[in-house]
Amino acid sequence: MPEARRRTLAVTTALLTVLGAAAPAVAATAPALVQAPLAAHHGGGTLHSTSGNWSGYAATGGRFTSVKASWVQPAVSCTGTDTWSSFWVGLDGDGSNSVEQTGTEADCSGGSPVYSSWYEMYPAYPVNFSNTVRPGDHFTASVTTNGSGSFTLTLADTTAGWSRTVNKSLKSAALASAEVIAEAPSSSTGVLPLSNFHSVAFSGASVNGQSLGGFNPDAITMASGGVTKATTSGLSGGSAFSVSWKHS
514 MPEARRRTLA VTTALLTVLG AAAPAVAATA PALVQAPLAA HHGGGTLHST SGNWSGYAAT
574 GGRFTSVKAS WVQPAVSCTG TDTWSSFWVG LDGDGSNSVE QTGTEADCSG GSPVYSSWYE
634 MYPAYPVNFS NTVRPGDHFT ASVTTNGSGS FTLTLADTTA GWSRTVNKSL KSAALASAEV
694 IAEAPSSSTG VLPLSNFHSV AFSGASVNGQ SLGGFNPDAI TMASGGVTKA TTSGLSGGSA
754 FSVSWKHS
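Counting from 514, one number per residue, gives the positions in the sequence shown under this note's numbering.
Okay, structure coming up:
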C-alpha cells in the first residue's frame, strides 16, 4: 500500500523543525502513521464500495481541480486502547498514488483524546499545523489546483478564528478523483483501530465548484474482515452527509 501520511513524534518534530513549524502534542508511543490512498473492494455496483480505511464520498471518472467541504470536529470517546481517526478533503488517492489533502485528526493515546490538524502532498511527508484543535470547532477545508501542478490547500477553524493556507507543487498529480473522507489511519503493519468519533457531519461539499452530488459520487463504507467500522449516510441536497462510527 503506498504511503501517504507517515508520522512518529521524533520524525514529525524533526521535519517540522526544518520547516519552521511546531508540532502539536502527540503520543510519544504513536506508531508511524499512514494516511493512505483508498484501500477498497468495489462490489455490488459502481456507486457503493467498501474500504478498509475510508468512509465518505469519492468522485471519479473525470478530471478534478477543486474540492471543498465543512465539518464539525468530533469528540472521541477513549478507553485504554490507543486509536486513531482523521477527517479531510482531498484530490486523488482513489485509483492513483498521489494524494493532496488537508484535514483534522482525533486520536486516543493512553486513554486521553489528542486533536490536531495537518496537510499533505504525497509523496512528501505530512506537515502538522501548530494551531489548537478542539472538539466542536467548525472547520472548512479546500484543495484547489491550476491543473498544471500548482496546489493551494486551506484549512480554517471558523470557531477559533484561525486559517492556514499553503501553496505547493506536484507535477505528477493524476487529478483523477476528489473526496470528502473520514479515515482510519494505518501503520506499516496495516490499518489501525478507529477512534470512536461517534459521528462527523460534513456539509457544503463541492467538487469543481459544483455540488458533490452532481458527480454521481461513490458512497464508501469502511469495513474489514466482515466487520463494519463506519457507515456513510445518503447525500442531503447533494452536499451534506454524515459518517458514523460503528467499530474500532
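Built from N, CA and C at the ideal position, the CB exists for glycine as well.
- Between the C-alpha atoms of residue 662 and residue 685 there is a straight-line separation of about 7 Å.
- The alpha-carbon separation between residue 642 and residue 677 amounts to approximately 8 Å.
- Nearest C-alpha to residue 586 among 620, 760 and 593: 620.
- The segment 715–729 makes no contact with the segment 625–633, as fewer than three CB pairs between them are under 8 Å.
- When the five nearest sequence neighbours on each side are left out, the beta carbons in the same chain lying within less than 6 Å of the beta carbon of residue 614 are those of 601, 603 and 633, in order along the chain.
- As the crow flies, the alpha-carbon of residue 568 is around 18 Å from that of residue 610.
- For residue 578, same chain residues with a beta-carbon under 7 Å away, outside a window of 5 residues either side, are 657, 658, 660, 688 and 721 in chain order.
- Judged by DSSP in its simplified three-state form, residue 652 adopts strand.
- Here residue 702 is exposed. Its C-beta has fewer than 16 other C-beta atoms within 10 Å.
- Close CB contacts of residue 561 within its chain, under the 6 Å cut and outside five residues either way in sequence, are with 732 (chain order).
- Put simply, of 606, 704, 622 and 699 the residue whose alpha carbon is nearest the alpha carbon of residue 592 is 622.
- Looking at 564, 563 and 575, the one whose alpha-carbon comes closest to that of residue 728 is 575.
- By the CB criterion at 8 Å, residue 710 and residue 589 fall inside the cutoff.
- As the crow flies, the alpha-carbon of residue 680 is around 17 Å from that of residue 653.
- Here residue 705 carries a coil assignment [DSSP, helix/strand/coil].
- Closest in C-alpha terms to residue 565, from the list 607, 730, 616 and 572, comes 607.
- If you draw a 10 Å sphere on the C-beta of residue 726, you find 16 or more other C-beta atoms in it, and that means buried.
- In this model, residue 682 and residue 648 are separated by some 31 Å (Cα to Cα).
- Excluding residues up to 5 positions away in sequence, 561, 562, 563, 564, 568, 741, 743, 744 and 745 lie with their Cβ nearer than 8 Å to the Cβ of residue 734 in the same chain.
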